[in-house]
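A.B. asks: My numbering puts the first residue of the sequence shown at 84, with every later residue one more than the last. All C-beta atoms, glycine included, are put in the ideal place defined by N, C-alpha and C.
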Amino acid sequence: ASNMLDPTNELLTIRQTDLGSESDVIAALNDAKQCDAAIWAATGFSDAPDQSIVDKLKAVFGLATNARGTIDAVGLPALGAGLANTPQRT
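Below, the structure written as structure tokens:
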């Protein structure tokens with residue numbers, strides 16, 4: 084993110100977060116002084132060339148073996164809920 088965005092901007096906070104952890108996503112929003120937006124630049128779906136066709140099909144049909152679920156299924160709802168509960172800047 085710091086290669087694409089200006090890390091010296093006082094309105095911007097760049098934070099590494101475990102997007103597969105609902106509590107870490109919520110903590111990231113709560114740690115910020117005023118968080119009224121976020122950039123989601125990740126996906127739990129992969130086009131990795133070394134991924135087998137079986138693994139790709141499992142991911143497409145939601146049968147991935149990760150017991151916690153994909154970051155899209157865990158992190159995005161947590162991000163939405165967390166942002167809905169943050170104070171709005173006026």
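Ordered along the chain, which non-local residues of its own chain (more than five positions away) have a Cβ less than 8 Å from that of residue 95?
C.D. replies: 88, 89
A.B. asks: Mapping the DSSP letters down to three states, classify residue 92 as helix, strand or coil.
C.D. replies: It is coil, neither helix nor strand.
A.B. asks: Return the CA-CA distance between residue 86 and residue 124, expressed in angstroms with no decimal places.
C.D. replies: 13 Å
A.B. asks: Could you work out which residue in 136, 133, 102 is closest to residue 163 when comparing CA atoms only?
C.D. replies: 102
A.B. asks: Using only the alpha-carbon positions, how far apart do residue 118 and residue 100 sit?
C.D. replies: 14 Å
A.B. asks: Assign residue 103 to one of three DSSP states: helix, strand, or coil.
C.D. replies: Note: residue 103 maps to coil in three-state DSSP.
A.B. asks: Can you find the residues in the same chain that come closer than 7 Å, C-beta to C-beta, to residue 112, ignoring five residues on each side of it along the sequence?
C.D. replies: 118, 165, 166, 169
A.B. asks: Considering only the beta carbon of each residue, do residue 156 and residue 108 sit closer than 8 Å?
C.D. replies: It is not a contact, given that the beta carbons lie outside the stated cut-off.
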